[in-house]
Amino acid sequence: MPDFSFLLLHVGSPAASAKFYNELLGIPIIEQSPTFAMLPLRDGVMLGLWSRAAVEPKTAGQPGSSEVAFTVTDAAAVKETHTAWKTRGLAIAQAPTRMDFGTTFVALDPDGHRLRVFAPEAA
Numbered sequence: 001m002p003d004f005s006f007l008l009l010h011v012g013s014p015a016a017s018a019k020f021y022n023e024l025l026g027i028p029i030i031e032q033s034p035t036f037a038m039l040p041l042r043d044g045v046m047l048g049l050w051s052r053a054a055v056e057p058k059t060a061g062q063p064g065s066s067e068v069a070f071t072v073t074d075a076a077a078v079k080e081t082h083t084a085w086k087t088r089g090l091a092i093a094q095a096p097t098r099m100d101f102g103t104t105f106v107a108l109d110p111d112g113h114r115l116r117v118f119a120p121e122a123a
């Protein structure tokens, strides 16, 4: 089976999105060109930010139709992260909410991609 190596988001401005994720997640921008930027996530997986105008074949997807999810330890960490991201000016699509899988909230990146933070329900 091939190795999972990239999460690619189609963005309006790779430079602006790279700066956003660099500042939000505290991860370095390791590659950047006018149409692409790359930041390391973990375990060798990269976050690729590809200019929507340069994607081949052209994309039909709309921002917000999928999510990038981040796990935190507990409901208190969900609320702390929500407060921190809201203070940074991120648009919040869903305030902290208890759902069947745990506690969660959803913020939006500059292109409208959904960023879900959640703490799984304790077993």
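Be aware that the sequence shown starts at 1, since it is given in full-length UniProt numbering, and climbs by one per residue.
Even glycine gets a Cβ: it sits at the ideal position worked out from N, Cα and C.
- [ ] Output the boundary residues of the alpha helix (DSSP H) element that contains Phe118.
- [x] No alpha helix (DSSP H) holds Phe118; the beta strand (DSSP E) holding it covers Arg114 to Pro120.
Open item on the list: Measuring CB atoms only, is the stretch 73-86 touching the stretch 115-122, in the sense that at least three cross pairs come out at less than 8 Å?
Closed with: yes
TODO: Just tell me which of Asp43, Gln94 and Asp111 has its CA closest to the CA of Thr103.
DONE: Gln94
- [ ] Answer with buried or exposed for Thr97, where buried requires no fewer than 16 other C-beta atoms within 10 angstroms of its C-beta.
- [x] exposed
Open item on the list: In this structure, how does DSSP classify Phe6 when only helix, strand and coil are distinguished?
Closed with: strand
TODO: Could you check what DSSP says for Pro63 in three-state terms: helix, strand or coil?
DONE: coil
Task: Cα-Cα separation, Pro120 to Phe101 - done: 6 Å
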